[in-house]
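Chemist: Line order of the protein sequences matches chains A and B.
Residue 163 in the UniProt record's numbering sits at position 163 of the first sequence; the count goes up by one each step and never skips.
Residue 59 in the UniProt record's numbering sits at position 59 of the second sequence; the count goes up by one each step and never skips.
Quick one: the structure is below, questions incoming.
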Amino acid sequence: MHHLDCKKDPTGLITKLRMAEDKVTLLGFWGSPFALRVKWALKLKGIEYEYIEEDLSNKSPLLLVYNHVHKKVPVLVHNSNPVVDSLVIIEYIDEVWKGNPLLPLDPYQRAKARFRAKFAEDKCMGAIIRTFFTEGKEKEKVVKEGRENLKTLESALEGKKFFGGETIGYLEIASGWIRLWTQIVEEIAGVNVIDAETMPVLNTWFDNFLEVPAVVSLPGIN
Amino acid sequence: MAEIELHGTWPSPYSYRVLWALKLKGIPYEYVEEDLSNKSPLLLQYNPVHKKIPVLVHGGKPICESMIILEYLDETWPQNPLLPSDPYERAVVRFWVKFIEDKGPSAWVVFRTSGEEQEKAVKDSLEMLKTIEEHALGEKKYFGGDKIGMVDIACSGIAHWLQVIEEVVGIKILEPHKFPRLHAWTKTFKEAPIIKDNLPNQDEMLVFFKQAREKLLASA
Chain A
1 MHHLDCKKDP TGLITKLRMA EDKVTLLGFW GSPFALRVKW ALKLKGIEYE
51 YIEEDLSNKS PLLLVYNHVH KKVPVLVHNS NPVVDSLVII EYIDEVWKGN
101 PLLPLDPYQR AKARFRAKFA EDKCMGAIIR TFFTEGKEKE KVVKEGRENL
151 KTLESALEGK KFFGGETIGY LEIASGWIRL WTQIVEEIAG VNVIDAETMP
201 VLNTWFDNFL EVPAVVSLPG IN
Chain B
1 MAEIELHGTW PSPYSYRVLW ALKLKGIPYE YVEEDLSNKS PLLLQYNPVH
51 KKIPVLVHGG KPICESMIIL EYLDETWPQN PLLPSDPYER AVVRFWVKFI
101 EDKGPSAWVV FRTSGEEQEK AVKDSLEMLK TIEEHALGEK KYFGGDKIGM
151 VDIACSGIAH WLQVIEEVVG IKILEPHKFP RLHAWTKTFK EAPIIKDNLP
201 NQDEMLVFFK QAREKLLASA
């Protein structure tokens, strides 16, 4: 928040600077869990932003310029600077907007959080997505792998309400979408991935996650 | 000062990433060579999820994944920073680190495979090299600018291990005339003070990786 008095700005430079400061734009896609992560992070931090829905079959020139390497969403544009890759964006957001920290402050806890987010992305996501595209024995194998990896993630809760303790943070943002997707998998692919019996702790974690006021109004939850 | 241990293996580029970071920052440590064909109970305890090296143990607490270890080192010992201080520049560094982590392994696929699969991996490797030369390195001396930074360390596989892979499989990938700037960087990087005194012997690596590839292809 900048409380600058425009009357004391004869050249208009301060006004220009203020208008240029903190202009945040998110290029995303409604179906993308990666874009969802960024929306959650922005919402938790109370950052105002402009959202641009990309048509991935007809990518905008803006997207192609801002993410010329991968041409993918999400892209966060902050004062004309494009930040790419959802977890990189989250760390960027955490560093620029210091209130309501998403990552833990202690370096060792941060290392653990980053490790777990990488694990969730590398090991859980692939397996869950593959349940859509496989059948029979292969599907069983994939579901088993997904469950094992999710169980590993579950153990990271270590008896706490959320990964970081009492409040939601980086790991919830990084992996909360997993539960949304496993629900989709359960409905569409007819396979039970997480349930109250096999993974009661993870199930409870997600129920707690859904009850947090900030989360209820988050995009994608409904 | 808490005790620091680095668990690694001598031919591993991931091990060296951490070793260089420790030396660049002047952090004293004890090195523990792990035998991956016979993993120690300690390693399995420190990295139960992946059972891999490198693992950094600081005051008894283990940290895994080489690039995550580097972020930890930079946060705990800020001298000789590996990351820039500006958040946007840090985001750019992290983007390239992720890029190399995701795309770099295609060179190792070249090493592990043959036929069509290998051909595809060669193609992927060439694309990866082209992208980083053009967009990450540009005209700079190092990826980090005037001095070695996190992206240089992340790309070190290209500087020292790629040659070994090329010789073992008999395919040239990083050709100097095709990637002049990247090629120049490999020389600059390996001549840098701390790096040049801490590189695994290439002849020994050739023997090691030749044997490894033979075993892999035999069991395929």
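Yeah, the Cβ is synthetic: ideal placement off N, Cα and C, and Gly gets one too.
Just so we're clear, the structure is a prediction, and the values are computed from it rather than from any experiment.
1) Does the beta-carbon distance from residue 148/B to residue 24/B come in below 8 Å?
2) Look up residue 68/A in the DSSP assignment and say whether it is helix, strand or coil.
3) With distances taken from CA atoms, which of 137/B, 167/B, 100/B, 11/B is nearest residue 53/B?
4) Between the alpha carbons of residue 163/A and residue 77/A, how many angstroms are there, rounded?
5) What is the residue span of the alpha helix (DSSP H) that residue 137/B lies within?
6) Helix, strand or coil for residue 1/B? Go by DSSP, reduced to three states.
7) Which residues in chain B sit within 9 Å of residue 130/A, going by Cβ to Cβ distance?
8) Of all the beta strand (DSSP E) runs that stay within the bounds of the UniProt domain "GST N-terminal" (2-81) of chain B, which reach a length of 3 or more residues?
9) Quick check: the Cα distance between residue 218/B and residue 202/B, rounded to an integer number of angstroms?
10) Nearest chain B C-beta to residue 22/A closer than 8 Å, yes or no?
11) Measure from the C-beta of residue 111/A to each C-beta in chain B and report whether the shortest distance is under 8 Å.
12) Is the region 58-69 of chain B close to the region 113-120 of chain A, with three or more CB pairs under 8 Å?
13) Can at least three beta-carbon pairs, one atom from the region 48-64 of chain A and one from the region 25-40 of chain A, be found at a separation below 8 Å?
14) Go through the region 132-220 of chain B residue by residue and report every complete run of the alpha helix (DSSP H) that reaches 4 residues or more, in order.
15) Can you give me the C-alpha to C-alpha distance between residue 1/A and residue 90/A, rounded to a whole angstrom?
16) Can you tell me whether DSSP reads residue 28/A as helix, strand or coil?
17) For residue 86/A and residue 42/A, I'd like the C-alpha separation in whole angstroms.
18) Does residue 14/B come within less than 8 Å of chain A when only Cβ atoms are used?
19) Strictly under 8 Å for the Cβ-Cβ distance: is residue 152/A near chain B by that measure?
20) Distance check for residue 84/A and residue 67/A, CA to CA, integer angstroms please.
21) Taking 8 Å as the threshold (C-beta atoms), are residue 82/B and residue 225/B in contact?
22) Residue 76/A lies in the beta strand (DSSP E); which residues open and close that run?
23) At least one CB of chain A closer than 8 Å to the CB of residue 91/B: is that the case?
24) Can you grab the Cα-Cα spacing for the pair residue 167/A / residue 161/A, in whole Å?
25) Cβ-heavy atom distance between residue 175/B and the ligand COA below 7 Å?
26) Output, in sequence order along the chain, the residues in the UniProt domain "GST N-terminal" (22-101) of chain A whose CB is closer than 8 Å to any CB in chain B.
27) CB-CB under 8 Å to residue 208/A, same chain, minus the five flanking residues each way: which ones, in chain order?
28) Leaving out five residues before and five after residue 168/B in sequence, what residues of the same chain have Cβ atoms less than 8 Å from its Cβ?
29) Is there at least one Cβ from chain B nearer than 8 Å to residue 107/A's Cβ?
30) Which residues, in order along the region 94-126 of chain B, keep a beta-carbon less than 8 Å from a beta-carbon of chain A?
31) Am I right that residue 75/A and residue 135/B are in contact with their C-beta atoms under 8 Å? What's the rounded C-beta distance?
32) Whole angstroms are fine: how far does the CA of residue 86/B sit from the CA of residue 30/B?
33) Out of curiosity, what's the CA-to-CA distance linking residue 17/B and residue 24/A?
34) Under three-state DSSP, which class holds residue 81/A?
35) First and last residue of the alpha helix (DSSP H) that includes residue 92/A?
Modeler: The relevant details are as follows:
1) yes
2) coil
3) The shortest C-alpha separation from residue 53/B is found at 11/B.
4) Answer to the nearest angstrom: the Cα atoms are 28 Å apart.
5) Looking at the DSSP string, residue 137/B is not in any alpha helix (DSSP H), and its letter there is neither H nor E.
6) Note that residue 1/B scores 43 on pLDDT, short of 50, meaning its location in the model is unreliable and no value can be drawn from it.
7) Per Cβ cutoff of 9 Å: no residues; residue 130/A is ~18 Å from chain B at best.
8) 4-8, 30-33, 55-58, 61-64
9) 24 Å
10) no
11) yes
12) yes
13) yes
14) 150-154, 162-169, 180-191, 193-196, 202-219
15) Caution is warranted here: a pLDDT of 34 is assigned to residue 1/A, below 50, making its placement in the model unreliable, and the coordinate value is therefore given only provisionally. So the two alpha carbons sit approximately 20 Å from each other.
16) strand
17) 12 Å
18) no
19) Using a CB distance cut-off of 8 Å, residue 152/A counts as an interface residue toward chain B.
20) 7 Å
21) Nothing can be reported for residue 225/B, as the shown portion of chain B is limited to 1 through 220.
22) 75-78
23) yes
24) 8 Å
25) Among the components modelled here there is no ligand, and therefore nothing to report on the ligand COA.
26) 68, 69, 78, 81, 83, 84, 85, 87, 88, 89, 91, 92, 95, 96
27) 161, 162
28) 111, 206, 209, 210, 213
29) It does; some Cβ of chain B falls within 8 Å.
30) For the region 94-126 of chain B, the set of positions with a beta-carbon nearer than 8 Å to some beta-carbon of chain A reads 94, 95, 98, 99 in chain order.
31) Actually they are not in contact, since the Cβ atoms of residue 75/A and residue 135/B sit about 15 Å apart, beyond 8 Å.
32) When the Cα atoms are used, residue 30/B and residue 86/B turn out to be separated by approximately 32 Å.
33) 35 Å
34) strand
35) 86-96
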